[in-house]
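Numbering (the working numbering), first residue to last: 1342 to 1709.
Glycine is no exception: its CB is placed at the ideal position from the N, C-alpha and C atoms.
Here's the structure we're looking at; comments come further down.
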Amino acid sequence: MRPLLGEEEAAAVAEVVRSGWVAQGPRVAEFEGRFAERVQAADAVAVSSCTTGLHLALHVLGVGPGDEVVVPSFSFIATANAVRYCGATPVFADVDPTTGNVTGATVKAVLTPATKAVIVVHQGGVPADVAEVRASIGDVPVVEDAACAAGSTLHGAPVGAGVHLAAWSFHPRKLITTGEGGMVTTDDPELGARLRRLREHGMSMSAAQRHAAKGPVLEDYLETGFNYRMTDIQAAMGLVQLGRLDGIVERRRELAARYHELLAEVPGVRAVTDPAHGTTNYQSFWVLLGDGMPERNAVLAGLAEAGVSARRGIMAAHLEPAYAGDGAPELPVTEHLTARSLILPVHHDLTEDEQQHVVRSLAVAVRA
Ligand SMILES: *Cc1c(COP(=O)(O)O)cnc(C)c1O
């Protein structure tokens, strides 16, 4: 992965520095409005990361000690960690072998009377069929971890459209970046107002609002909040990046189509693709090694030797020391996918020759 950054981002950041207002202010408000519009959400609240966004989303659902929250283990570890921040217990659900996402059946299998919420992850940009999950879990609230999914679509609409609570990431590993940063989107403006307060110490009015007031204005602290703010420096960069999103998705889908063509010549290797219910932004282009092929790490080593920077596939949180003490849930699909998948290089400026070299090197490494 290589972020797509240009002189426009540098100029936008410089302008904020020259303005003298570098903390959360007008650029953050503008970025929130533009992001909400892009993903068809009623409101968007900028935060310091997707991880802190997930924490706030669970917090406003009232998740606390004694509660269980169902999450996929097959995700970046922040998904499970956010549950622990609330003092609650993450309960791991298995995933579908084709999409890498939870389904109604895998979530339902681990629901208990203590389940307070479910986090559905759009893993690697592949949209999860949230409506299908909802149909199996009654009225248990869902939070969408859309860290990877800006520009993906679900049932013909952008991921995020009309969603109650979704958290997004602008880490440089994602399609658009603010260095670090995140967003929570919601369909409920009142919830948006509370999220806005919680990210800023529970203050009744923001520092920017007080600054803009004519006379002296005193703020109240209405509940225990957090400092999860984004800065105007980051938001200025985010505004430029958001303008690039459609072009970035188009380019990645072009690169993915080319990988699919080339990989047709490497039998036994299966690559991630669009599910029936939507389109992926191909944030991660992962491939699954066939039975009888060498160990994943050996394939990664072979690729590295050929000068190809591939990575292990999506991790499984329940196999990490931080979660190992929680008992060993049966997650056969997760364990197979994480052990047998790897992520191929994709970035905006990847050339046809480079893609050919990647796939040729993979073909050699899987035969070794
Ligand atoms: C990247 C990622 C996160 C964490 O995002 P940050 O903005 O780095 O906190 C959470 N969930 C998933 C699925 C991710 O890929």
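**Report entry** CA-to-CA distance, I1418 to P1662, given in whole angstroms
**Finding:** Rounded to the nearest angstrom, the gap between the Cα atoms of P1662 and I1418 is 11 angstroms.
Query raised in the report: To the nearest whole angstrom, what separates the beta carbons of A1658 and A1508, a pair I think is in contact under 8 angstroms?
Result: The C-beta distance from A1658 to A1508 rounds to 16 angstroms, too long to meet the 8 angstroms contact threshold.
Query - Buried versus exposed, by CB contacts within 10 Å (16 or more), Q1697 - result: Q1697 is classed as exposed because its beta carbon has fewer than 16 other beta carbons within 10 Å across all chains shown.
Query raised in the report: Should C1489 be counted as a contact of ligand 1 given a C-beta to heavy atom distance under 8 angstroms?
Result: Ligand 1 approaches C1489 closely enough that one of its heavy atoms is under 8 angstroms from the residue's Cβ.
Query - S1360 - containing alpha helix (DSSP H), residue span - result: Element bounds for S1360: E1348 to S1360.
Query - Presumed contact (8 angstroms Cβ cut-off) between V1610 and G1631, rounded CB distance - result: Cβ-Cβ separation between V1610 and G1631: approximately 6 angstroms, consistent with a contact (criterion under 8 angstroms).
Query raised in the report: Across which residues does DSSP place D1437 in a beta bridge pair?
Result: Residue pairing by DSSP places D1437 in no beta bridge whatsoever.
Query - Beta-carbon proximity list for S1389, same chain, < 7 angstroms, skipping 5 on both sides - result: Cβ neighbours of S1389 beyond the five flanking positions: E1521, G1522, G1523, Y1569, R1570 and M1571.
Query raised in the report: Run through DSSP, which three-state label would T1675 get?
Result: Three-state result, T1675: helix.
Query raised in the report: Do the region 1580-1599 and the region 1640-1657 meet, that is, are 3 or more Cβ pairs less than 8 angstroms apart?
Result: No contact exists between the region 1580-1599 and the region 1640-1657.
Query raised in the report: Are V1640 and R1535 closer than 9 angstroms when you measure CB to CB?
Result: Result no, Cβ atoms of V1640 and R1535 do not sit closer than 9 angstroms.
Requested in this report: Please determine, among V1363, I1517 and R1637, the residue with the shortest C-alpha to C-alpha distance to D1587.
Outcome: Ranking the options by Cα distance to D1587, first place goes to I1517.
**Report entry** Endpoints, alpha helix (DSSP H) assigned at L1536
**Finding:** Its alpha helix (DSSP H) spans residues P1530 to L1539.
Query - Segments assigned alpha helix (DSSP H), at least 4 residues, entirely inside the region 1619-1654 - result: The region 1619-1654 contains these whole alpha helix (DSSP H) runs: 1637-1646.
Requested in this report: Identify, in the order they occur along the chain, each residue of the same chain with its Cβ nearer than 6 angstroms to the Cβ of P1406, setting aside the five sequence neighbours on each side.
Outcome: Around P1406: G1428.
Query raised in the report: Would the beta-carbon of V1525 be found less than 8 angstroms away from any heavy atom of ligand 1?
Result: Set against 8 angstroms, the gap from the CB of V1525 to the closest heavy atom of ligand 1 is not smaller.
Query raised in the report: How is F1567 classed by DSSP in three states: helix, strand or coil?
Result: In the three-state scheme derived from DSSP, where H, G and I count as helix and E and B as strand, F1567 is classed as coil.
Query raised in the report: Relative to the alpha-carbon of A1704, which residue among V1483, L1580, A1647 and M1546 has its alpha-carbon at the smallest distance?
Result: Relative to the Cα of A1704, the nearest Cα in the group V1483, L1580, A1647 and M1546 belongs to A1647.
**Report entry** Limits of the unbroken beta strand (DSSP E) element including M1524
**Finding:** Counting along the chain, the beta strand (DSSP E) containing M1524 begins and ends at G1523 to T1527.
Query raised in the report: If you compare alpha carbons, which of P1670, G1579, P1530 and A1458 is closest to E1323?
Result: Within the shown structure, residues of the chain are numbered from 1342 to 1709, placing residue 1323 beyond reach of any answer.
Query raised in the report: What did DSSP end up calling R1585 once you bin it into helix, strand or coil?
Result: DSSP places R1585 in helix when its eight states are reduced to three.
Report task. Report buried or exposed for S1510, applying the criterion of at least 16 other Cβ atoms within 10 angstroms of its Cβ. Result -> By the 16-neighbour rule on beta-carbons within 10 angstroms, S1510 is buried.
Query raised in the report: Beta carbon of I1589, beta carbon of V1357: below 9 angstroms?
Result: In terms of Cβ geometry, I1589 and V1357 do not form a close pair [threshold 9 angstroms].
Query raised in the report: For ligand 1, is there a heavy atom less than 8 angstroms away from the beta-carbon of G1609?
Result: Not one heavy atom of ligand 1 lies closer than 8 angstroms to the C-beta of G1609.
Query raised in the report: At a cut-off of 8 angstroms, is H1512 close to ligand 1 when judged by its beta-carbon and the heavy atoms of the ligand?
Result: Within the cutoff, so yes.
Report task. May I ask you to verify whether the region 1472-1492 touches the region 1617-1628, counting CB pairs closer than 8 angstroms and requiring at least 3? Result -> Contact holds between the region 1472-1492 and the region 1617-1628, because three or more Cβ pairs, one in each stretch, are under 8 angstroms apart.
Requested in this report: Check each candidate in V1432, G1543 and E1560 and name the one with the smallest Cα separation from Q1550.
Outcome: Nearest of V1432, G1543 and E1560 to Q1550, Cα basis: E1560.
Query raised in the report: Do V1410 and V1432 come within 9 angstroms of each other at the CB atom, strictly closer than that value?
Result: Against a cut-off of 9 angstroms, the Cβ pair of V1410 and V1432 comes out as a contact.
**Report entry** L1683 - containing beta strand (DSSP E), residue span
**Finding:** For L1683, the enclosing beta strand (DSSP E) covers residues S1682 to L1685.
Query raised in the report: Taking the DSSP output, what are the residues bridged to I1460?
Result: Paired residue(s): V1484.
Query - Host beta strand (DSSP E) of L1506 (start-end) - result: Looking at the DSSP string, the run of the beta strand (DSSP E) that includes L1506 is L1506 to S1510.
**Report entry** S1416 Cβ short of 8 angstroms to ligand 1 heavy atom set
**Finding:** For ligand 1, at least one heavy atom lies less than 8 angstroms from the Cβ of S1416.
Query raised in the report: For the alpha helix (DSSP H) that contains E1409, what are its first and last residues?
Result: Here E1409 belongs to no alpha helix (DSSP H); instead the beta strand (DSSP E) covers E1409 to P1413.
**Report entry** As assigned by DSSP and simplified to three states, the class of R1343
**Finding:** If DSSP states are grouped into helix, strand and coil, R1343 belongs with coil.
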